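Numbering (this note's numbering), first residue to last: 2 to 424.
Using N, Cα and C, we set each Cβ at its ideal position, and we do this for glycine too.
Predicted model, so just to flag it, every value in this text is computed and none were measured.
The structure appears right after this line, and notes come after that.
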């Protein structure tokens with residue numbers, strides 16, 4: 002085989018890799034653009050990161066046994082000869098390292114936050130795969146990957162098995178998240194399920210896929226699943242000591258999801274504060290306060306304590322604003338003015354606003370304006386704006402809002418002090 006033939010084969014291989022990479026990129030982008038679910042972008046990023054190594058590996062694999070025969074002689078020196086098939090196998094090994102490097106980097110960037118992902122890629126992934134690439138180039142990578150790691154159970158795990166298990170678990174995690182996102186945002190809503198049921202079913206499916214996938218990886222490594230009974234026994238002991246709170250929160254999370262007591266977007270009252278449910282996790286629930294602060298609440302606390310749930314606005318909720326007026330005011334006139342103050346964009350016309358005469362106070366006649374709204378997340382602002390309107394309307398019509406006061410009348414006893422006040 003001449004050098005010209007080898008270079009021609011190499012050029013054709015590069016051209017085939019280029020064409021195949023563009024075809025794969027077009028196919029992946031076109032296919033995923035037809036799937037409107039939240040996890041689409043992450044899956045697309047992972048697949049696009051693998052396009053070039055997949056194309057190169059496919060071309061090198063198809064080239065096996067198809068290269069021109071004979072040895073390659075360099076510069077017409079018989080001492081400098083290469084086997085084209087050996088060169089192909091050597092390049093295929095480097096491309097496989099490249100493939101796994103691209104896969105690990107893509108998974109890290111999807112799973113971790115950008116700052117943490119950049120740290121792990123720069124400090125851990127790149128140095129590790131640089132060593133693997135050098136080992137492959139030197140022809141000792143197989144020896145490194147087949148290095149045995151003895152375990153306490155008497156079994157032996159190779160470095161290759163450990164790496165494949167780690168990558169497999171990461172892939173299972175990504176697949177489980179993608180399935181959850183597709184079921185929650187696309188399939189179940191289109192099938193007529195409400196958001197609470199969609200969230201509960203997709204979350205359960207996520208953990209089922211994750212557990213089955215991890216157990217399958219463990220079984221593929223040669224570990225019998227019966228050994229997990231020992232782990233389960235250890236967990237039962239830990240449950241009695243320090244894990245009972247964790248398991249209590251786990252069970253509470255499933256109960257909250259399947260009883261549909263909460264759903265993302267619900268406005269609830271927790272410890273006197275109105276918060277919006279962002280996400281119901283397996284152990285805790287993420288809520289957002291009025292100050293736009295994210296807060297985690299253990300699921301057991303939500304399940305075991307009284308909880309007011311305003312929902313997401315699908316049903317009207319009543320809002321009450323109290324006010325006291327002077328005893329000189331006409332109650333019917335006050336009723337008319339309060340109903341006038343209830344004219345607000347957030348107040349529903351049906352049910353109609355009402356005014357209740359709630360009592361005779363020490364210093365005032367006490368009323369309560371009761372209105373209905375379907376925007377529970379804006380109740381605090383609605384109450385504030387209604388108070389402004391009530392104050393303006395009452396002031397314009399001369400209705401006094403009294404402040405607490407007490408009159409003390411001294412009728413006798415001053416004569417004993419020798420200086421009685423004038424009558």
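Looking only at 332, 102, 136, 374, the smallest Cα-Cα distance to residue 123 is reached by 102.
As the crow flies, the alpha-carbon of residue 33 is around 56 Å from that of residue 339. Here the alpha carbons of residue 409 and residue 320 stand approximately 38 Å from one another. Here the alpha carbons of residue 119 and residue 47 stand approximately 16 Å from one another. In summary, residue 212 is exposed, with fewer than 16 beta-carbon neighbours lying within 10 Å of its beta-carbon over all protein chains present.
Around the beta carbon of residue 390, 16 or more other beta carbons lie within 10 angstroms, which makes this residue buried. In this structure, DSSP gives residue 318 an extended state, which the three-state scheme calls strand. Minimum Cα-Cα distance from residue 350 among the listed residues 173, 373, 45 corresponds to 373. Between the segment 242–261 and the segment 172–191 there are fewer than three inter-stretch CB-CB distances shorter than 8 Å, so the stretches are not counted as touching.
When rounded, the separation of the alpha-carbon atoms in residue 175 and residue 370 is 53 Å. The Cβ atoms of residue 400 and residue 322 lie no closer than 7 Å to each other. Between residue 328 and residue 258 the beta-carbon gap is near 54 Å, outside 8 Å, which marks them as no contact. Counted as a single uninterrupted DSSP element, the beta strand (DSSP E) harbouring residue 274 occupies residues 274–281.
By the C-beta criterion, the segment 331–347 is judged not to be in contact with the segment 270–285, since fewer than 3 inter-stretch pairs fall below 8 Å. Within 10 angstroms of the beta-carbon of residue 55 lie 16 or more other beta-carbons, which makes it buried. The alpha-carbon of residue 381 is positioned some 13 Å away from that of residue 269. If you draw a straight line from the Cα of residue 98 to the Cα of residue 160, it is about 14 Å long. Comparing alpha carbon positions, the residue from 88, 366, 264, 216 closest to residue 203 is 264. Counting the other Cβ atoms within 10 Å of the Cβ of residue 300 gives 16 or more, which makes it buried. In the DSSP assignment, residue 114 falls outside any beta strand (DSSP E), carrying neither H nor E. Annotation: residue 375 to residue 347 spans about 8 Å, alpha carbon to alpha carbon. The beta carbons of residue 276 and residue 261 sit about 18 Å from each other, so the pair does not count as a contact at 8 Å. DSSP, read as helix, strand or coil, puts residue 148 in coil. When the beta-carbon positions are compared, residue 52 and residue 22 come within less than 7 Å of each other. Ranked by Cα distance from residue 353, the first of 360, 361, 344 is 344.
Per DSSP, residue 360 is one residue of the beta strand (DSSP E) stretching across 355–361. Excluding sequence positions up to five before and after residue 148, its CB lies within less than 8 Å of the CB of 159, 160, all in the same chain and listed in chain order. With a threshold of 16 other beta carbon atoms within 10 Å, residue 254 meets it and is buried.
Assignment of beta-bridge partners to residue 305 by DSSP yields no partner. Close CB contacts of residue 61 within its chain, under the 8 Å cut and outside five residues either way in sequence, are with 14, 89, 92, 93, 96 (chain order).
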